[in-house]
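Here the protein sequences come in this chain order: U and X. Residue numbers for the first sequence follow numbering that gives the first Met the number 0, so the first one is 0 and each next one is one higher. Residue numbers for the second sequence follow numbering that gives the first Met the number 0, so the first one is 0 and each next one is one higher. By construction, the Cβ of each residue, glycine as well, lies at the ideal position given by its N, Cα and C atoms. Remember, predicted model here, so these are calculated numbers, not experimental data. See structure below.
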Amino acid sequence: MATITQPGVDTGAGSRGAESIIRVTDVHKYYELGETRVHALRGVTVEVGRGDFVAIMGSSGSGKSTFMNILGCLDKPTTGQYYLEGIEVSSLDKKQLAAIRNRKIGFVFQGFNLLSRTTALENVELPTLYARVSREEGLQRSNEALDLVGLGDRKLHYPSQLSGGQQQRVAIARALVNRPAILLADEPTGNLDSRTSVEIVDVLQKLNDQGLTIVLVTHEPDIARFARRMIEFRDGKIRHDNPGTDRPVAAEILKNMPKVED
Amino acid sequence: MNLVQILRIAMRALARNKLRSALTMLGIIIGVAAVIAMVSVGQGAQQQAQDQIAAMGSNVLFVGSGAVSRGGMSMGWGATKSLVYDDMTAILHECPAIAAAAPGTTATAQVVYGNDNWNTRITGTEPQFFDIKVWNFQEGGPFLQADVESANNVAVIGETVRKNLFGATDPLGQTIRVNNLPFKVVGVLDLKGTSPMGDDQDDTIVLPVTTVQKKMNGQTWLRWIMVSAVSREASYAAQKQISAVLRDRHRIRAGQDDDFFVRNLADFAQLADEQSRLFTILLASIASISLVVGGIGIMNIMLVSVTERTREIGIRMAIGATEGDVQQQFLIEAIVLSLIGGAVGIALGLGASSTIANTLGWPVLVSSKAIVIAAVFSAAIGIFFGFYPARKAARLDPIDALRYE
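Below, the structure is given as structure tokens:
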């Protein structure tokens, strides 16, 4: 089952693949649902190198969401080890897990999950508050993150005043603001139309080109092919683990897509 | 996250549901206002009781001719004729704990001045009486010991008598008729108010003891002797010493009942003080029930709020909020609710207190203690009733919370 690090499609950050940022060894996860025991993960072993861009695919019930929750330190494996940047996460307590989520992981969700009635800037600032960085630095980082995702001119807008794509960019900025080790995107394009989806993938590809490690969960093969590596889950196990071939560049595709003005 | 940021988040969350927050606060507002108003009324009563006690005089003991039982029939106090002037002299000489003493005899009389007349109590005593009772004069002064010795017709009148007989006229030097005897008014006493027992102390005329005994009631014995002890602590020793002296002088054998009684007014003072304190506690406890009800309102709303904001809690946890952060956030919200309610309640309570004082004329004393207690109490209510909802929020599983619709 152990497929190891992945040679990059293009070069970019020099040390890509040399050092594994995620190392998962024989992870099992059971849920007790009344009398029955649900075996969600049945021995998953995988490594992800720094700077990689992994797409995790699989139908519902394949275990990909459970795996994502474990990667995101929202859940702990029943057995097996998970090392994130060399830290054995499965041995940490709740408070330490919260700190890991805060500093090492950036989440992007399908439903954006922004706080309503809170401006884009304040949404992005939120993780810095929990990281106890100073207000000035938090604000500065938040502004930079919003500029990076191309929302420099919408900082004081509320989520209800932004389009879906813009909301997801805010969510990406929020995920980036504490400079995490990995970005976990759970169906980030699930609620978006096809052009906006490619726009979001474009943002992710550009961030990855700058060296950010990304794990993207999706059930859309069209989206998954933008990653450098594709892992397919079935029945709680990794079924395929392939490097992407003919990886498209989202920016190129966007040029040829019809513009839908919002 | 520093306190300012936490408070800002809490204020924003509360501002999101303004009507709901205001209604929730109303419970605390009413509770705190009720506590402050009730404690103010209670403390006003307490202060009044203490003032009355102070007005009774300092370290005063009251020796009365006591009940005596003749042939199985018990007579009320004052029935015996055994308390005499020489008893007072003996007490003064033989009891070291005693500073001063004044004899007393009483009568009631119709007092006439011009066309006005008034029925009042007559007190026959000596000039020390005024010192023992710490009773000052608004005009003139006490009669003299010489007046006592020659049983002169001189009178000191209380404020109630002055008001009823003289109105706007200056009574000093005027002649009044008491039981048809002419008396010259030499002094007018200060207003003393009601005694803790409830009678009007100003409704009296004070005459030399000899004058009353010889010209009015024809009694040779005393009704009472008023004694002041050298200090408040000494008053209990004085009580024992007086008892011993009088039992000896009246030849009462061991085992026989006294034919007199010695009452320590410090006991009355304590009793009155305790009663008004009890009154305050009673009022405050009734009022604090509404404060507790207000607290339950906070808990109720916070529970609703936690459920409504499950998803927000999930988001916050996913981006790094610890259980402690989430708990703190909801706890601070509850505390802010109750503190704002407390502040408004204090203002309302002060308003209510002054309204009570103005419209009902009750003595009201707003103490800073009551305000501090109300503020602390409302914060405590916020913590106590906010704790469970906050704990519930903090215990949510982030995965479930994120999935919550």
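Here the alpha carbons of X/Arg394 and X/Tyr387 stand approximately 10 Å from one another.
Restricting attention to X/Ile398, X/Val59, X/Met24 and X/Asn116, the CA atom closest to the CA of X/Ile314 is found in X/Ile398. X/Gly139 and X/Arg120 have their C-alpha atoms spaced approximately 21 Å apart.
Rounded to the nearest angstrom, the gap between the Cα atoms of U/Leu155 and X/Thr23 is 31 Å. By the criterion of a C-beta distance shorter than 8 Å, U/Thr118 is surrounded in its chain by Lys154, Leu155, His156 and Tyr157, once the five residues flanking it on both sides are discounted. Under the Cβ distance rule, U/Leu73 counts among the residues neighbouring chain X, one pair being separated by less than 9 Å. Taking all protein chains in view, the Cβ of X/Thr306 is surrounded by fewer than 16 other Cβ atoms within 10 Å, so the residue is classified as exposed. For U/Lys236, the enclosing beta strand (DSSP E) covers residues Lys236 to Pro242.
Scanning the segment 32–80 of chain U for uninterrupted alpha helix (DSSP H) segments of 4 residues or longer gives 63–70, listed from N- to C-terminal end. U/Val88 has its alpha-carbon roughly 21 Å from the corresponding atom of U/His38. The alpha helix (DSSP H) runs of length 4 or more contained entirely in the segment 72–152 of chain X are, from start to end of the chain, 84–93, 127–131 and 144–148. The beta carbon of U/Pro247 sits no closer than 9 Å to any beta carbon of chain X. In this structure, the CA atom of X/Phe259 is about 6 Å from the CA atom of X/Gly63. Looking at U/Val176, U/Gln167 and U/Lys205, the one whose alpha-carbon comes closest to that of U/Thr188 is U/Gln167. The CB of U/Leu114 comes closer than 9 Å to the CB of Glu311, Ile314 and Arg315 in chain X, given here in chain order. Per DSSP, reduced to three states, the secondary structure at X/Ile52 is helical. Chain-ordered, the chain X residues with CB closer than 8 Å to the CB of U/Asn68 read Ile398. With the criterion set as a beta carbon lying under 9 Å from some beta carbon of chain U, the members of the segment 315–331 of chain X are Arg315, Met316, Ala317, Ile318, Gly319, Ala320, Thr321, Glu322, Gly323 and Asp324, in sequence order. The beta carbon of X/Ala89 sits closer than 7 Å to the beta carbons of Val244 and Arg248 from its chain, once the five residues preceding and following it are set aside; these are given in chain order. X/Lys213 and X/Trp117 have their alpha carbons spaced roughly 22 Å apart. Per DSSP, X/Phe267 is one residue of the alpha helix (DSSP H) stretching across Leu264 to Glu307.
Looking at the DSSP output, U/Glu121 shares a beta bridge with no other residue. Fully enclosed alpha helix (DSSP H) runs of no fewer than 4 residues occupy 208–211 of the segment 188–220 of chain X, in order along the chain. No Cβ of chain U is located within less than 9 Å of the beta carbon of X/Gln269.
Ranking U/Leu215, U/Ile230, U/Asp245 and U/Ala249 by CA distance to the CA of U/Ile104 puts U/Leu215 first.
In the assembly as shown, X/Leu18 is an exposed residue. Its beta-carbon has fewer than 16 other beta-carbons within 10 Å. Bridge partners of U/Asp185 according to DSSP: U/Val216. Annotation: X/Gly350 is outside any beta strand (DSSP E); the continuous alpha helix (DSSP H) that includes it extends over Glu322 to Thr354.
Close to X/Leu13, with beta-carbon spacing below 8 Å, lies no residue of chain U; the smallest spacing is near 12 Å.
Between X/Asn58 and X/Ile131, the alpha-carbon positions lie close to 8 Å from each other.
Non-local C-beta neighbours of U/Tyr82 in its own chain, meaning closer than 6 Å and more than five positions away in sequence, comprise Arg22, ordered along the chain. Contact of X/Leu277 with chain U is not assigned, every C-beta pair being separated by 9 Å or more. Under a criterion of Cβ atoms nearer than 8 Å, the residues of chain X adjacent to U/Lys93 are, in order, Thr321 and Glu322. Selection X/Asp201, X/Val185 and X/Lys368 evaluated against X/Asp146 yields X/Val185 as nearest (Cα-Cα). The shortest CA-to-CA distance from X/Phe61 to any of X/Asp50, X/Asp85 and X/Ala100 is the one to X/Ala100. Contact of X/Asn1 with chain U is assigned, a C-beta pair being separated by under 9 Å.
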